[in-house]
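Protein chains in written order, with the working numbering: chain F, 2 to 64; chain B, 2 to 64. Think of the CB as a built atom: it goes at the ideal place given N, C-alpha and C, for glycine as much as any other residue.
Protein chains: 2
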Amino acid sequence: MCEANAYLIKESGEEELVFENVDRVLPGEEGIMMEDIFGKRKLLRARIKEMALVDHKIILEAL
Amino acid sequence: MCEANAYLIKESGEEELVFENVDRVLPGEEGIMMEDIFGKRKLLRARIKEMALVDHKIILEAL
């Protein structure tokens, strides 16, 4: 399976794991809606900084 | 490997395949920079509409 983990970059530059097993990513005006492989959703006030699919990583930065 | 294919939604609603084997996705002011698993890059004046990682799909819409 090709789900990814989502990390939020903190001001210190550290990456904090915020959501695991992400399948769907839907950017919107409110932020990023993510849905995991079990159908659980999470909305974060953030935008995508970078995705590295082969590494299963989504890097987010706060809005 | 968990690379994905990128599709651009046309006005007709049809999805046009624009880039294959995408590994990295970097949204920026100019649009979306994508890098495939071979290191080839493509910049598109578009934004991410939706990603479906388990289906290996990146759906873009033109800016």
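(1) For F/LEU18, I'd like the list of residues in its chain whose CB is within less than 7 Å of its CB, leaving aside the five on either flank, ordered along the chain.
(2) Shortest alpha-carbon distance to B/GLY40 belongs to which of B/ARG48, B/GLU21 and B/LYS50?
(3) State yes or no: is the beta carbon of F/VAL19 nearer than 8 Å to at least one beta carbon in chain B?
(4) Note the first and the last residue of the continuous beta strand (DSSP E) segment covering B/PHE20.
(5) Considering only their Cβ atoms, is the gap separating B/MET52 from F/ARG25 smaller than 8 Å?
(6) If you count every other CB in all the chains shown that lies within 10 Å of the CB of F/ALA47, and 16 or more means buried, which is it?
(7) Quick one: is B/ILE35 buried, meaning 16 or more other Cβ sit within 10 Å of its Cβ, or exposed?
Walking through what the data contain:
(1) Counting from one through the first sequence, the residue named residue 18 of chain F turns up at place 17. ASN6 and TYR8, listed in sequence order.
(2) Residue mapping note: residue 40 of chain B aligns to position 39 of the second sequence, counting from 1. Of the listed residues, the one whose Cα sits closest to B/GLY40 is B/GLU21.
(3) The count along the first sequence starts at 1 and reaches residue 19 of chain F at position 18. Closer than 8 Å: no.
(4) Counting from one through the second sequence, the residue named residue 20 of chain B turns up at place 19. 16-29 is the span of the beta strand (DSSP E), which, as asked, contains B/PHE20.
(5) Residue 25 of chain F sits at position 24 when you count from the first residue of the first sequence. Residue 52 of chain B sits at position 51 when you count from the first residue of the second sequence. Yes, Cβ-Cβ distance for F/ARG25 and B/MET52 is below 8 Å.
(6) Taking the first residue of the first sequence as 1, we reach residue 47 of chain F at position 46. Flag for F/ALA47 reads buried.
(7) Counting from 1 along the second sequence, the entry for residue 35 of chain B is found at position 34. It should be noted that the sequence gives Met, not Ile, for residue 35 of chain B. B/MET35 should be labelled buried.
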